[in-house]
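Residue numbers (this note's numbering), protein chains in the order written: chain A, 8 to 358; chain B, 8 to 358.
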């Protein structure tokens, strides 16, 4: 039996009510709920409401801080450094994007480095709130309390998958890039492991350094690792990106792998540039519209599979979901129903 | 017979004299010469003095502007946008790094977007001038007048290889990352093509979309392409990076592929962050020293091939060259000797 279809507003309201009941104020609960649902609408199903039960557990245990504001470690008026106090990372990151957009309007560029954030979920989901304002936005993230990716040539993990997201406006849909320094993610590895499945390709290494597609290597002792972007062939490229992302997300905010692990969380770098303060937004869009059109016009390698722009499928999926409703990944609503019962919240009715 | 060994100072002086004779003032000639030689010292032999004959040709034809300063298109005091007027890109980029370092000290972050620069050579060579000052530096570049990399899934080129360099200080040598959105470079493709050699792996596509290691595909009509980072397996990652780099280097300065090509050149994004204005340089170095040590300690996949840090081999090579002298790539000095004869400059004596 397929999963039921839910109205987007009903789902967001339900998730917000769960987070409210778990101790978040209305603003925090609303932002976290909205952006988790956004991830599902965009098709990033490992980083949407699939995370909500985990977040509720962290709020219940106190591992996610429910109340208050981030502490400002330093602030030049252009770059702010925050201690996130393990507040909800989705809310912190959205707040950082909003601050950067306002400051970039004034200075052309602005950034926020965040240490001790809780998990920030789907990076792509934050991008439209900047691109809709005509901004160019970059979000990098890592989790210093975990490691699943080895440096190129090594077999013991040092890095998290280290996602890198970048969004910019065009003459049509924005381009929303959500990639990483590693070939695949922890979220996908955990899902395949739970479902007894394998990756399509040998994107992992055993602890002995043998390529494999089997996520069971993460349960070995010592565990296997995820290969950096470029794999065995040119993984020095992903390794370089991982070092860059960890320097920005852990080095700059001054908390990371050199400190005792604090559990599931994130270190974040948010940066916004305002094209209007460079050569102008119109000039920016003129260039990128040309480039986007040239990508679409590149004859496909496989007949019938035209070149896509990053974010294009996600935005189309999102538009359909806003009209037709959204079907969650199997098991996600079942987990939330258990939380709803515990917290005394009404479950939305699907169709 | 192997190429002779030259003293570094003699080689730099020789190159500077050539550029002086070709019309650059002392400051521009000195900076271009020094940074091309730096690239050779670091082992980036396709992007060092191998480029000098080409630059001299461009100065002779007027395609590289010899005199004057870049034109300021916009400047917020934190982000400057320059029209490079096709001045020597190596000099322009060094100037941008210096300006960003000074401004980052004040604002925490600073950036320069440059349109219509001439070619900027080796990105890694610029990084130490920022990391030596305790700064975190990023340099991205593209050339809107050329295209050799197709979007993932396509077969007609839209992008240049789009290099991405990133440097940061540690407790020892700096980490100097010089990577790109594509698996290999135009420089390496041209070298192998000229030498009748092939790549080790199938890093290219024919115009029909077949993977190949043969650089002769670039002489086909229509030409083949270089695969994005990640290759056929996960090349959407390199494709995303290419879009990011072209948005920053062409979109922001407002000159790019939408304009008529102006010949060999570059579009550049330089960005510097001062860790001292975030959580402090000491906190930055504490984190990154830990991460660098953890990378070195990751047991190697292949016995006897320990994990290296990006820039480590280059810095060691550079130190040796400063003592023992440098051997240029075969053919490079022969080309410069022809230029020296034309310009009436003494050729250094190797040993």
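Where a beta carbon is used, it is the ideal one built from N, C-alpha and C, also for glycine. Since this is a predicted model, take the numbers as computed values, not measurements.
- Excluding residues up to 5 positions away in sequence, 104, 107, 108, 143, 144, 174 and 279 lie with their Cβ nearer than 8 Å to the Cβ of residue 137 of chain A in the same chain.
- Here the C-alpha atom of residue 56 of chain A lies approximately 31 Å from the C-alpha atom of residue 239 of chain B.
- In the same chain as residue 209 of chain A, and ignoring 5 residues on each side of it, the C-beta atoms closer than 6 Å to its own belong to 218, 219 and 220, in chain order.
- Under DSSP, the beta-bridge partners assigned to residue 144 of chain A are A:174 and A:279.
- Annotation: the continuous beta strand (DSSP E) that includes residue 184 of chain A extends over 182-187.
- Boundaries of the alpha helix (DSSP H) harbouring residue 27 of chain B: 15-28, taken from the DSSP string.
- Using a Cβ distance threshold of 8 Å, residue 49 of chain B and residue 131 of chain B count as a contacting pair.
- A distance below 6 Å between beta-carbons, with the five flanking residues on each side excluded, links residue 125 of chain B to the following residues of its chain, in chain order: 71, 93, 95, 96 and 272.
- Per DSSP, reduced to three states, the secondary structure at residue 330 of chain B is helical.
- Think of a sphere of 7 Å around the beta carbon of residue 305 of chain A: the chain B residues whose beta carbon falls inside it are 157, 158, 161, 162, 163 and 165, in chain order.
- Rounded to the nearest angstrom, the gap between the Cα atoms of residue 184 of chain B and residue 274 of chain A is 21 Å.
- Ranked by Cα distance from residue 166 of chain B, the options B:291, B:288, B:314 and B:148 are led by B:148.
- In this structure, the beta-carbon distance from residue 88 of chain A to residue 114 of chain B does not fall below 8 Å.
- For a cut-off of 8 Å, the C-beta gap from residue 58 of chain B to residue 346 of chain B is around 12 Å, too long to register as a contact.
- Nearest CB-CB separation between residue 319 of chain A and chain B: not below the 8 Å threshold.
- Contact check for residue 99 of chain A against residue 135 of chain A fails: the beta carbons are separated by 8 Å or more.
- Between residue 120 of chain A and residue 146 of chain A, the C-beta spacing is not below 8 Å.
- When CB distances to chain A are screened at a threshold of 7 Å, the residues of the region 177-204 of chain B falling below it are 182, 184, 186 and 190, in chain order.
- If you draw a straight line from the Cα of residue 39 of chain B to the Cα of residue 23 of chain B, it comes to about 7 Å.
- Residue 284 of chain A counts as buried, since at least 16 other C-beta atoms from the protein chains shown sit within 10 angstroms of its C-beta.
- A straight line joining the alpha-carbon of residue 332 of chain A with that of residue 151 of chain A spans about 36 Å.
- Put simply, the backbone Cα of residue 34 of chain A is about 29 Å away from that of residue 358 of chain A.
- The three-state reading of DSSP puts residue 89 of chain B in strand, counting E and B together.
- With fewer than 16 other Cβ atoms inside 10 Å of its own Cβ, residue 16 of chain A counts as exposed.
- Cβ atoms of residue 67 of chain A and residue 29 of chain A come within 8 Å of each other, at about 7 Å.
- Taking C-beta atoms as the reference points, residue 180 of chain B and residue 322 of chain B count as a pair closer than 8 Å.
- Short of 6 Å from the beta carbon of residue 339 of chain B, and not among the five residues preceding or following it, lie these beta carbons of its own chain, in chain order: 56 and 57.
- In this structure, the alpha-carbon of residue 223 of chain A lies about 21 Å from that of residue 337 of chain A.
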